[in-house]
Amino acid sequence: MIGVLTTCLLTIGVILMLNIHIDNRSLRDIAMTENSAKHTAVSARNRNTATRSGHTGVYIRPNKIYGHIHMAKTGGSSLNGILASTYENICGNKGYSYNFYQVNARWTAQKLRKPGEGYVMSRKRMNEIGYEDCDYISEEKKMEFWSEFNNFHDTPMELHVPCRSPIDHLMSQCNHRQLKIDCDGTETELFKSVDKCLMILHRFDLKVAKKIKATLKCYDFKKQFTVYMEYLSKKLLRRRIVITPTKRETNLPRDRDNECIWKRNDLMKQVENYLLSQESYYKFCSQCLGSENDITHVQAQGNNI
12 MIGVLTTCLL TIGVILMLNI HIDNRSLRDI AMTENSAKHT AVSARNRNTA
62 TRSGHTGVYI RPNKIYGHIH MAKTGGSSLN GILASTYENI CGNKGYSYNF
112 YQVNARWTAQ KLRKPGEGYV MSRKRMNEIG YEDCDYISEE KKMEFWSEFN
162 NFHDTPMELH VPCRSPIDHL MSQCNHRQLK IDCDGTETEL FKSVDKCLMI
212 LHRFDLKVAK KIKATLKCYD FKKQFTVYME YLSKKLLRRR IVITPTKRET
262 NLPRDRDNEC IWKRNDLMKQ VENYLLSQES YYKFCSQCLG SENDITHVQA
312 QGNNI
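Residue numbering for the sequence shown follows the numbering used here, starting at 12 and increasing by one per position.
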């Protein structure tokens with residue numbers, strides 16, 4: 012009898028010990044789960060990320076804002092329109108994601124086709140909307156504008172500068188102003204005709220750029236709608252409804268055969284050197300293209316950036 016009782020007591024003791032062990036293990040699991048959840052939440056806040064379901068799976072919002080310095084005659088209006096019609100959270104004076112579908116429809120219906128006609132978001136309206144929910148900002152403002160993002164909600168900025176061949180860029184500007192380069196005059200007359208063509212290059216200023224808290228990168232104008240777009244496709248959230256925006260012309264057609272500078276290699280070199288010495292935009296591009304800060308160069312090499 013005593014033996015049976017002893018056996019029962021031992022069995023009960025073992026069961027109690029097992030329950031305590033299981034309960035302790037459960038408590039540890041719960042604690043670990045809670046700590047893991049807290050760690051994930053803190054990490055998400057530190058990365059400033061947000062996840063949303065997109066057409067290609069889970070979207071992780073970038074931990075930075077991308078800025079595009081819209082230099083005149085570098086295809087910025089077309090770029091802004093394509094991005095606003097393809098991706099969410101695009102903010103530009105030539106296109107916002109939130110209303111671009113309807114804006115493009117109205118603009119197309121009006122059949123505006125002359126250079127300069129089309130949609131432009133007013134500065135006042137852009138300031139009213141703000142930039143708090145923007146992943147990509149495209150603007151035609153002086154370089155000082157970008158200093159507004161120096162301490163923008165603890166979110167860093169990556170600034171992109173489109174770089175175009177100096178001579179080709181110059182001639183596009185001349186075409187826009189309906190001017191010609193003086194290929195037969197003196198050096199002074201040549202450079203004077205160059206200066207008359209140049210358009211609002213103060214949108215980029217290297218001295219001001221050094222005071223802005225942003226990572227400065229460039230990209231090749233010729234690869235803007237291929238390699239550069241591929242780079243952005245990995246950073247931005249695709250829209251539910253994607254459209255092809257109606258083309259907005261900002262220049263009359265160019266007649267390259269009537270541009271005398273292409274027939275004179277000596278003048279091309281002379282003018283290019285003049286532009287590099289006078290304008291920090293061209294100097295920056297000459298140093299940036301082909302470097303580790305050239306988005307299109309690094310992307311083409313197959314490296315992740």
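All residues carry an ideal CB built from backbone N, CA and C; glycine is no exception. Since the model is a prediction, treat every value here as computed from it, not as a measurement.
### Task
In angstroms with no decimal places, state the Cα-to-Cα distance between Asp280 and Lys153.
Start at 1 with the first residue of the sequence shown, and residue 280 comes out as number 269. Start at 1 with the first residue of the sequence shown, and residue 153 comes out as number 142. The displayed chain sequence assigns Lys, not Asp, to residue 280. C-alpha separation (whole angstroms): 29 Å.
### Query
Which whole-angstrom value is the C-beta distance of Ile223 and Trp157, which I expect to be below 8 Å?
On the sequence shown, position 212 is the one that residue 223 refers to. On the sequence shown, position 146 is the one that residue 157 refers to. Right, their Cβ atoms sit about 5 Å apart.
#### Entry: Ala225, DSSP secondary structure in three states
Taking the first residue of the sequence shown as position 1, residue 225 is located at position 214. Of the three classes helix, strand and coil, the one that applies to Ala225 here is strand, per DSSP.
### Task
Look at Cys229 and Asn304 and say whether their C-beta atoms are less than 8 Å apart.
Taking the first residue of the sequence shown as 1, we reach residue 229 at position 218. Taking the first residue of the sequence shown as 1, we reach residue 304 at position 293. In this structure, Asn304 lies closer than 8 Å to Cys229 by Cβ.
### Buried/exposed call for Thr85, threshold 16 Cβ in 10 Å
Looking up residue 85 in the sequence shown gives position 74. Buried is the call here.
### Task
Reducing DSSP to helix, strand and coil, say where Tyr142 ends up.
Here residue 142 refers to the residue found at position 131 when the sequence shown is read from its first residue. Looking at Tyr142 - three-state DSSP - the assignment turns out to be coil, as it is neither helix nor strand.
### Query
Just how far apart, CA to CA, sit Pro73 and Leu247?
Position 62 of the sequence shown holds residue 73. Position 236 of the sequence shown holds residue 247. Going by the C-alpha atoms only, they are around 8 Å apart.
### Arg267 versus Pro173, Asn162, His180, residue with shortest Cα-Cα distance
Looking up residue 267 in the sequence shown gives position 256. Selected option, being the one with the closest Cα: His180.
### Query
What is the rounded straight-line gap between the Cα of Asp206 and the Cα of Thr197?
To locate residue 206, count along the sequence shown from 1; it is residue 195. To locate residue 197, count along the sequence shown from 1; it is residue 186. Rounded to whole angstroms, Asp206 to Thr197 spans 14 Å at the Cα level.
### Query
When you compare only the Cα positions, how much space is there between Cys145 and Leu170?
In the sequence shown, counting from the first residue as 1, residue 145 sits at position 134. In the sequence shown, counting from the first residue as 1, residue 170 sits at position 159. If I take the Cα positions, the gap works out to 14 Å.
### Query
Taking just the CA atoms, how far does Tyr107 sit from Tyr98?
Taking the sequence shown and counting its residues from 1, the one referred to as residue 98 is at position 87. Taking the sequence shown and counting its residues from 1, the one referred to as residue 107 is at position 96. Distance between the alpha carbons of Tyr98 and Tyr107: 10 Å.
### Task
Quick one: grab the DSSP three-state call for Met82.
Taking the sequence shown and counting its residues from 1, the one referred to as residue 82 is at position 71. In the structure shown, Met82 sits in coil (DSSP, three-state: anything other than H, G, I, E or B).
### Cβ-based burial, Gly65 [other Cβ within 10 Å; buried from 16]
The residue given as residue 65 occupies position 54 in the sequence shown. Note on Gly65: pLDDT 42, under 50, position unreliable in the model; the coordinate value appears next. Gly65 should be labelled exposed.
### Message
Can you list, in chain order, the residues of its chain with a C-beta nearer than 6 Å to that of Phe160? Leave out the 5 residues immediately preceding and following it.
### Response
Your numbering for residue 160 matches position 149 in the sequence shown. Excluding residues within five positions, the ones whose Cβ falls inside 6 Å are Met168.
### Task
Check the C-beta distance from Arg188 over to Cys174 and give it rounded, since I have them as a contact under 8 Å.
If you number the sequence shown from 1, residue 188 lands on position 177. If you number the sequence shown from 1, residue 174 lands on position 163. Not confirmed; about 21 Å, so no contact.
### Message
DSSP three-state label for Leu170, please.
### Response
If you number the sequence shown from 1, residue 170 lands on position 159. Here Leu170 sits in strand by DSSP.
### Message
Residues in the same chain with beta-carbon distance under 7 Å from Glu270, minus the five sequence neighbours each way, listed in chain order, please.
### Response
For the purposes of this step, residue 270 is identified with residue 259 of the sequence shown, where counting begins at 1. So the list reads Met182, once near-sequence residues are dropped.
### Query
By how many angstroms is the C-alpha of Arg275 removed from the C-alpha of Arg134?
Along the sequence shown, read from residue 1 onward, the residue named residue 134 stands at position 123. Along the sequence shown, read from residue 1 onward, the residue named residue 275 stands at position 264. One C-alpha to the other measures close to 42 Å.
### Query
Excluding five sequence neighbours on each side, which residues of the same chain lie with their C-beta closer than 7 Å to the C-beta of Ile254?
Taking the first residue of the sequence shown as position 1, residue 254 is located at position 243. Hits under 7 Å: Ser96, Tyr112, Asn115.
### Task
Write down the C-beta distance between Glu150 and Gly103 rounded to the nearest angstrom, noting that I regard them as a contact closer than 8 Å.
The sequence position of residue 150 within the sequence shown is 139, counting from 1. The sequence position of residue 103 within the sequence shown is 92, counting from 1. Yes, they are in contact, since the Cβ atoms of Glu150 and Gly103 sit about 7 Å apart, within 8 Å.
### Query
Tell me which same chain residues have a C-beta within less than 6 Å of the C-beta of Gly313, skipping the five on either side of it?
If you number the sequence shown from 1, residue 313 lands on position 302. Cβ within range, chain order: n/a, list empty.
### Message
In this structure, how does DSSP classify Cys194 when only helix, strand and coil are distinguished?
### Response
As a working mapping, residue 194 is identified with position 183 in the sequence shown. It is coil, neither helix nor strand.
### Query
Looking at Tyr147 and Asn100, is the spacing between their C-beta atoms short of 8 Å?
Here residue 100 is taken as the residue at index 89 of the sequence shown, counted from 1. Here residue 147 is taken as the residue at index 136 of the sequence shown, counted from 1. Yes; because the gap between Cβ atoms is below 8 Å, this pair is in contact.
### Message
So, with DSSP's three-state summary, where would you put Arg249?
### Response
Numbered from its first residue, the sequence shown carries residue 249 at position 238. Of the three classes helix, strand and coil, the one that applies to Arg249 here is strand, per DSSP.
### Query
Between the beta-carbon of Leu217 and the beta-carbon of Ser302, is there less than 8 Å?
Reading the sequence shown from its first residue, position 206 is the one you call residue 217. Reading the sequence shown from its first residue, position 291 is the one you call residue 302. Not a contact, by the Cβ cut-off of 8 Å.
### DSSP three-state assignment for Asp179, whether helix, strand or coil
By 1-based counting over the sequence shown, the position of residue 179 is 168. Reduced to three states, the DSSP call for Asp179 is helix.
### Message
Which of the three DSSP states is assigned to Asp231 in this structure?
### Response
Translated into the one-based positions of the sequence shown, residue 231 becomes position 220. Residue state, collapsed to three classes: strand.
### Task
Give the single residue among Ser176, Thr119, Ala311 whose Cα lies nearest to the Cα of Glu241.
By one-based count along the sequence shown, residue 241 stands at place 230. Among Ser176, Thr119, Ala311, the Cα nearest to that of Glu241 is on Ala311.
### Task
Within its chain, find whatever has a CB closer than 6 Å to the CB of Leu201; leave out the 5 residues flanking it on each side and keep chain order.
The residue given as residue 201 occupies position 190 in the sequence shown. Around Leu201: Asp193.
### Task
Flag this pair as yes or no: are the beta carbons of Ile80 and Phe295 separated by less than 8 Å?
Working through the sequence shown from its first residue, we reach residue 80 at position 69. Working through the sequence shown from its first residue, we reach residue 295 at position 284. Cβ atoms of Ile80 and Phe295: not closer than 8 Å.
### Message
Considering only their Cβ atoms, is the gap separating His164 from Glu143 smaller than 8 Å?
### Response
One-based indexing of the sequence shown puts residue 143 at position 132. One-based indexing of the sequence shown puts residue 164 at position 153. Yes; because the gap between Cβ atoms is below 8 Å, this pair is in contact.
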